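These notes concern the structure reproduced below.
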Ligand SMILES: [Zn+2]
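Residue numbers (the working numbering): 1009 to 1203.
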């Protein structure tokens, strides 16, 4: 899965900006745009890419001087809208905090991780989720840092399920972002996880 960024040199009041898409988005068409035009610059902007990750696309657009860089809300709705630059309104979180993570969320995310593990290696043994993650990490099939993020989600769910743990706001957000990072990694592997 490749990512592209449309770098817009003069987009209304936001000025120099970027919008990141997946290659297969109908607005992107692997960097050819909506009309399937030949890749290249128009008077307003041009496509950057392909990139392997959303982060790489973001970094390149920032390097080119884009001040506001967002992801397409159709093909990459899971990515956070970053707060506007200083002086242009309040950060989004001040008036629209995300709902706290619930045990149901964590259970769904754990199920997504199992789906991802099955896509990587359909292990018929009845090993626990964490041991499967660790085995695949040791075997080099999942990067160690991604494996750790998966374990965060699974252990947090287990604590809620078996120990009736109440999550602090920070634990709740840590789980949410760990899950988002897992979804991003899965995208790159070509596995689409439902949010
Ligand atoms: Zn898109």
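Idealized CB from N, CA, C, for every residue including glycine. Remember, it's a predicted structure, so these values are computed and weren't measured experimentally.
Option nearest residue i by Cα separation, candidates the options
i, options, result
"residue 1114", "1157, 1075 and 1134", "1157"
"residue 1154", "1190, 1163 and 1143", "1190"
"residue 1197", "1030, 1026 and 1040", "1030"
"residue 1062", "1053, 1013, 1041 and 1017", "1013"
"residue 1179", "1172, 1086 and 1164", "1164"
"residue 1053", "1018, 1200, 1142 and 1039", "1018"
"residue 1124", "1187, 1040, 1023 and 1041", "1187"
"residue 1162", "1119, 1039, 1009 and 1126", "1119"
"residue 1200", "1126, 1023, 1147 and 1134", "1126"
CB-CB length for residue i against residue j, believed under 8 Å
i, j, result
"residue 1149", "residue 1128", "6 Å"
"residue 1205", "residue 1056", "The structure shown does not extend to residue 1205, since the chain is modelled only from 1009 through 1203, so no value can be given for it."
"residue 1137", "residue 1122", "6 Å"
"residue 1075", "residue 1145", "Contact flag wrong, Cβ pair sits at about 38 Å."
Residue i Cβ short of 7 Å to ligand 2 heavy atom set
i, result
"residue 1068", "No copy of ligand 2 occurs in the structure displayed; its ligands are ligand 1 alone."
Straight-line gap, residue i to residue j (C-alpha atoms, nearest Å)
i, j, result
"residue 1035", "residue 1079", "12 Å"
"residue 1082", "residue 1166", "32 Å"
"residue 1015", "residue 1065", "10 Å"
"residue 1033", "residue 1193", "18 Å"
"residue 1160", "residue 1073", "35 Å"
"residue 1176", "residue 1139", "26 Å"
"residue 1077", "residue 1182", "23 Å"
"residue 1169", "residue 1117", "13 Å"
"residue 1027", "residue 1011", "10 Å"
"residue 1132", "residue 1060", "31 Å"
"residue 1112", "residue 1070", "37 Å"
"residue 1217", "residue 1107", "With the chain running from 1009 to 1203 in the structure shown, residue 1217 is simply not present."
"residue 1037", "residue 1172", "47 Å"
"residue 1142", "residue 1042", "42 Å"
"residue 1184", "residue 1086", "11 Å"
"residue 1009", "residue 1130", "22 Å"
"residue 1058", "residue 1040", "11 Å"
"residue 1257", "residue 1195", "Since the displayed the chain opens at 1009 and closes at 1203, residue 1257 lies outside it and no answer follows."
Counting by C-beta, which residues lie closer than 7 Å to a heavy atom of ligand 1, in chain order? 1029, 1030, 1033, 1035, 1036, 1080, 1082, 1083 and 1084
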